[in-house]
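What follows is a single structure, written as C-alpha cells, with notes after it.
Number of protein chains: 2
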Amino acid sequence: MSTTIALFGAGAMGSAVGRRLVESSAKVITFLEGRSAVTLERARAAGLVAAPLSAFAEADIILSIVPPAEAQKVADLIAPVLRDSGKKPPFVDLNAISPKTMEKLAAGFASTGAKVIDGSIIGGPPVPGKAGPVVCLSGDLAGEPDLLSRFGLKIRRVKGPVGAASALKMCYAGINKGITGLSAAMLLAAARSGASEALKVELAESQAEHLKRLRHSIPDMFPKAYRWVAEMEEIAEFLGSDDPAALIFKGMAGVFQTIADDRNGSHKLIATLEAMLDEGH
Amino acid sequence: MSTTIALFGAGAMGSAVGRRLVESSAKVITFLEGRSAVTLERARAAGLVAAPLSAFAEADIILSIVPPAEAQKVADLIAPVLRDSGKKPPFVDLNAISPKTMEKLAAGFASTGAKVIDGSIIGGPPVPGKAGPVVCLSGDLAGEPDLLSRFGLKIRRVKGPVGAASALKMCYAGINKGITGLSAAMLLAAARSGASEALKVELAESQAEHLKRLRHSIPDMFPKAYRWVAEMEEIAEFLGSDDPAALIFKGMAGVFQTIADDRNGSHKLIATLEAMLDEGH
Numbered sequence: 013m014s015t016t017i018a019l020f021g022a023g024a025m026g027s028a029v030g031r032r033l034v035e036s037s038a039k040v041i042t043f044l045e046g047r048s049a050v051t052l053e054r055a056r057a058a059g060l061v062a063a064p065l066s067a068f069a070e071a072d073i074i075l076s077i078v079p080p081a082e083a084q085k086v087a088d089l090i091a092p093v094l095r096d097s098g099k100k101p102p103f104v105d106l107n108a109i110s111p112k113t114m115e116k117l118a119a120g121f122a123s124t125g126a127k128v129i130d131g132s133i134i135g136g137p138p139v140p141g142k143a144g145p146v147v148c149l150s151g152d153l154a155g156e157p158d159l160l161s162r163f164g165l166k167i168r169r170v171k172g173p174v175g176a177a178s179a180l181k182m183c184y185a186g187i188n189k190g191i192t193g194l195s196a197a198m199l200l201a202a203a204r205s206g207a208s209e210a211l212k213v214e215l216a217e218s219q220a221e222h223l224k225r226l227r228h229s230i231p232d233m234f235p236k237a238y239r240w241v242a243e244m245e246e247i248a249e250f251l252g253s254d255d256p257a258a259l260i261f262k263g264m265a266g267v268f269q270t271i272a273d274d275r276n277g278s279h280k281l282i283a284t285l286e287a288m289l290d291e292g293h
Numbered sequence: 013m014s015t016t017i018a019l020f021g022a023g024a025m026g027s028a029v030g031r032r033l034v035e036s037s038a039k040v041i042t043f044l045e046g047r048s049a050v051t052l053e054r055a056r057a058a059g060l061v062a063a064p065l066s067a068f069a070e071a072d073i074i075l076s077i078v079p080p081a082e083a084q085k086v087a088d089l090i091a092p093v094l095r096d097s098g099k100k101p102p103f104v105d106l107n108a109i110s111p112k113t114m115e116k117l118a119a120g121f122a123s124t125g126a127k128v129i130d131g132s133i134i135g136g137p138p139v140p141g142k143a144g145p146v147v148c149l150s151g152d153l154a155g156e157p158d159l160l161s162r163f164g165l166k167i168r169r170v171k172g173p174v175g176a177a178s179a180l181k182m183c184y185a186g187i188n189k190g191i192t193g194l195s196a197a198m199l200l201a202a203a204r205s206g207a208s209e210a211l212k213v214e215l216a217e218s219q220a221e222h223l224k225r226l227r228h229s230i231p232d233m234f235p236k237a238y239r240w241v242a243e244m245e246e247i248a249e250f251l252g253s254d255d256p257a258a259l260i261f262k263g264m265a266g267v268f269q270t271i272a273d274d275r276n277g278s279h280k281l282i283a284t285l286e287a288m289l290d291e292g293h
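Chains A and B supply the protein sequences, listed in that same order. Residues 13 to 293 (our numbering) make up the first sequence, in order. Residues 13 to 293 (our numbering) make up the second sequence, in order.
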C-alpha cells in the first residue's frame with residue numbers, strides 16, 4: 013500500500029521537502045485553494061497533488077511547513093478536520109515557532125484524538141543529490157521518524173516533550189540568523205558613518221573567515237528577510253521578557269523589517285551591503 | 013632627546029600598550045593616584061613611571077586608555093592641565109566610545125589650545141613578540157601616527173574627522189563582541205529549555221568553525237563582561253534610536269551585565285556555558 017503524506021505549505025521550503033518525498037515514492041497531497049499562480053506552478057513542478065482539506069484526514073501523516081506567523085492558522089484549519097474524521101493521522105508542525113506557541117497550537121488538537129508532534133527544520137530547502145536539511149522531531153514519537161526518513165528526510169530525534177524541537181530551532185536560528193542580522197546592521201552603520209572602507213580592511217585582516225561567511229549569508233538573507241521578522245519575534249517570545257537577550261531579537265526583527273522594506277522600495281540598503289561585500293571592491 | 017608618552021589608564025590594555033612603548037625606548041609616565049595595589053604593581057612591572065597630572069603637559073603626546081564609562085572623566089581631568097600649560101601635547105583618546113561621545117569629549121579641549129585625536133584599539137592587548145593590536149587614528153593627524161609607530165604600535169589611519177576611528181571601533185566591536193554575546197545568550201537559553209545537547213550536536217555538525225570560535229571567545233569574555241556593558245551602550249547610542257539595531261545592543265548590554273553579575277555571584281551561568289563548550293563533553 014502506498015504512503016500518502018499531506019503537506020500544508022508549498023512555499024520554497026514546503027515544495028522542496030514535498031519534492032524529496034515524491035522522489036522517494038510517497039504520494040504527497042497539498043492544499044492550494046486561494047494560492048497564487050506561482051505557488052500552483054511550484055507545487056505542480058514538485059509533483060504535489062492538489063487536494064481538499066478533508067482529504068488530509070485520509071493521509072498517513074500531516075506536515076505543516078509555513079512561515080511562523082501562519083503556523084497557528086494552519087493548525088486551526090486542520091484540527092476540526094481531524095476531530096470529525098475516523099482516521100487520525102499525526103499532525104507534525106515543522107515551523108520556526110517558540111515552544112510556547114507550539115504548546116498553544118498543540119492544545120488545539122486535544123479534543124481531536126489526533127497526535128501532535130513538534131518539529132523544526134534546520135538548514136535550507138532540500139537540494140537534489142544532497143543530504144539535509146535536518147528535520148528535528150520531539151514529543152510522543154512512534155513510527156513517524158522512520159516513516160519520514162524512509163521518504164528521504166534526514167531526521168533528528170530531540171529528547172523531550174512537545175516544545176523541545178522548537179526550542180532547538182529557536183536557539184540555532186537565533187545564533188545563525190542573528191549573526192547575519194547583527195553583521196548587516198553594523199555594515200550599514202559603518203557605511204553611513206563613513207567607516208565602511210576601514211571596516212572592510214579590518215575584517216579582511218582579522219576576521220577573514222567571518223567576512224567570507226557574510227559574503228554568502230547576507231545576500232542570501234535579502235529575499236528571506238520579511239519571513240525572518242516573525243521568526244525573530246518568536247525567538248524574543250521564547251527567551252521571555254526576563255531575559256535581556258529578548259531585546260536583541262526585538263531589535264533583530266526591526267533590522268530584518270528594514271531590509272525587507274528596502275527590498276520592496278529603494279534598494280538603497282541592499283546596494284550598500286552588496287558594495288561592501290563585493291570581493292573586487 | 014628622548015620621547016615621553018603620558019598614558020592615562022594602567023589596566024590590562026593600558027599597561028600592555030605602555031610596556032610595548034617602554035620596550036621601544038619611550039619614557040612612559042602614568043597617573044596612579046588612588047589606584048589599587050594590583051594596578052600599581054602592574055604599572056611597575058610594565059616599566060611605567062608614576063607622575064602627577066601636571067607632568068602630562070610636558071609629555072610629547074598623551075594617550076587615554078580606560079573603560080568607556082571613564083573616558084569623559086579622564087578628558088575632564090586632562091583638559092584644564094593643558095589649558096594652563098605653555099606646552100600643548102596632543103591628546104589621543106583610544107577608548108571604545110561612540111563618535112558622539114568622542115565629539116563631546118573633544119569639545120572640552122576647544123579652549124585649551126591642544127589638539128584632540130580620535131583613536132581606537134582593535135584587538136587584544138599587545139603580546140611580546142607579536143604584532144598588533146591595531147591602533148586606529150582619525151582627525152587632524154600630523155606626526156602622531158609616525159611617533160606611535162616608531163614606538164612599536166601598529167597604526168591605521170582612518171580617513172575622516174574626529175569620530176571616524178570611534179565609528180570604526182563601534183562597528184567592529186559590535187560584530188565581534190556581539191557575536192559572542194548573542195551566542196552565549198542562545199547557549200544559555202538552550203540549557204534552560206533542555207535543548208543543550210541537541211544544539212551542541214547541531215552546531216558541531218553544521219557550524220563547526222563557529223563552535224570552535226565560541227570555545228575561545230565565550231570564556232575569554234567572562235572577565236571582561238562588566239566592561240563590555242558600557243561598550244554595548246556606547247554602540248547603541250552610536251546607532252541611534254532610529255536604528256532598530258540599537259535595541260540589539262541594549263539587549264546585549266543586559267546579557268553582559270547578567271554574565272558579570274553571575275561572575276560576582278553564583279557562577280551558575282558560567283558553569284553552564286563552560287559545560288556546553290567543553291570539547292570532551
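Glycine is no exception: its CB is placed at the ideal position from the N, C-alpha and C atoms. No experiment lies behind these values; they were computed from the predicted model shown.
CB contact check: residue i to chain A, cutoff 8 Å
i: H293 of chain B; result: Caution applies to H293 of chain B, whose pLDDT of 48 falls short of 50 and renders its modelled position unreliable; the model cannot decide the point.
i: A67 of chain B; result: no
i: I134 of chain B; result: yes
i: S14 of chain B; result: no
i: D274 of chain B; result: no
i: T270 of chain B; result: yes
i: M198 of chain B; result: yes
i: E249 of chain B; result: no
i: S218 of chain B; result: yes
i: G190 of chain B; result: yes
i: G211 of chain B; result: Contrary to the premise, residue 211 of chain B reads as Leu rather than Gly in this sequence. Yes, L211 of chain B lies at the interface with chain A (some Cβ there is under 8 Å from its Cβ).
i: G172 of chain B; result: yes
Cβ pair residue i, residue j closer than 8 Å
i: A257 of chain A; j: G263 of chain B; result: yes
i: V174 of chain A; j: E115 of chain A; result: yes
i: F250 of chain B; j: A179 of chain B; result: yes
i: K100 of chain A; j: A67 of chain A; result: no
i: G164 of chain A; j: S36 of chain A; result: yes
i: F265 of chain B; j: Y238 of chain B; result: A small fix is needed here, since residue 265 of chain B is Ala in this sequence, not Phe. No, these two residues do not count as a Cβ contact at 8 Å.
i: L52 of chain A; j: A87 of chain A; result: no
i: K112 of chain A; j: G144 of chain A; result: no
Within-8 Å CB hit, residue i to chain B
i: L117 of chain A; result: no
i: L281 of chain A; result: no
i: M329 of chain A; result: The structure shown does not extend to residue 329 of chain A, since chain A is modelled only from 13 to 293, so the question has no answer here.
i: G141 of chain A; result: no
i: K10 of chain A; result: Only positions 13 to 293 of chain A appear in the structure, and residue 10 of chain A is not among them; the question remains open.
i: K262 of chain A; result: yes
i: L259 of chain A; result: yes
i: I17 of chain A; result: no
i: D255 of chain A; result: yes
i: P235 of chain A; result: no
Residue from the options with nearest C-alpha to residue i
i: I109 of chain B; options: B:G135, B:L289, B:E82; result: B:E82
i: D130 of chain B; options: B:S229, B:A197, B:G144, B:L106; result: B:L106
i: K189 of chain A; options: B:K189, B:S195, B:N188; result: B:S195
i: V4 of chain A; options: A:P140, A:I133, A:A197, A:P138; result: The structure shown has nothing for residue 4 of chain A, since chain A only spans 13 to 293.
i: L149 of chain A; options: A:G120, A:P102, A:G136; result: A:P102
i: I230 of chain B; options: B:R275, B:Q269, B:E286; result: B:E286
i: G151 of chain A; options: A:K166, A:G172, A:P157, A:R162; result: A:G172
i: S97 of chain A; options: A:A24, A:V86, A:A71; result: A:A71
i: R227 of chain A; options: A:G193, A:G206, A:S253; result: A:G193
i: Q219 of chain A; options: B:A55, B:L94, B:G277, B:I191; result: B:I191
i: I73 of chain B; options: B:P64, B:V50, B:T15; result: B:T15
i: L289 of chain B; options: B:K236, B:H222, B:R275, B:V241; result: B:H222
i: G136 of chain A; options: A:D232, A:A210, A:S253; result: A:D232
i: M377 of chain B; options: B:F268, B:N276, B:A63, B:T124; result: With chain B covering 13 to 293 only, the question about residue 377 of chain B has no answer from this structure.
i: K276 of chain B; options: B:R54, B:F234, B:F121, B:D158; result: Correcting the residue type first, residue 276 of chain B is Asn in the shown sequence and not Lys. Nearest C-alpha to N276 of chain B: B:F234.
i: P64 of chain A; options: A:A57, A:D274, A:A210, A:R47; result: A:R47
Proximity test, Cβ basis, 8 Å: residue i and chain E
i: L149 of chain B; result: Of the chains in the structure shown, none is chain E; the protein chains are A and B.
Practice task
Any chance you could list the alpha helix (DSSP H) runs of at least 4 consecutive residues sitting entirely within the region 96 to 139 of chain A, in chain order?
Solution key: 111 to 119
Handout entry: Any alpha helix (DSSP H) of 4 or more consecutive residues that is wholly inside the region 145 to 223 of chain A
Key = 156 to 162, 176 to 204, 208 to 218
Problem - Sequence ranges, alpha helix (DSSP H) only - wholly within the region 13 to 76 of chain B, length at least 4 - result: 24 to 35, 49 to 57
Handout entry: the region 13 to 22 of chain A / the region 39 to 51 of chain A touching (three or more Cβ pairs under 8 Å)
Key = yes
Practice task
Inspect the CB distances between the region 278 to 287 of chain A and the region 240 to 249 of chain A and report whether three or more fall short of 8 Å.
Solution key: no
Handout entry: Sufficient close CB pairs (3 or more, under 8 Å) joining the region 197 to 217 of chain A to the region 233 to 245 of chain A
Key = no
Problem - the region 200 to 207 of chain A in contact with the region 182 to 200 of chain B per 3-pair CB rule at 8 Å - result: yes
Problem - At least 3 beta-carbon pairs within less than 8 Å: the region 25 to 34 of chain B vs the region 69 to 87 of chain B - result: yes
Exercise for the section: May I have a chain-ordered list of the alpha helix (DSSP H) segments no shorter than 4 residues that lie completely inside the region 229 to 286 of chain A? Expected result: 237 to 251, 257 to 276
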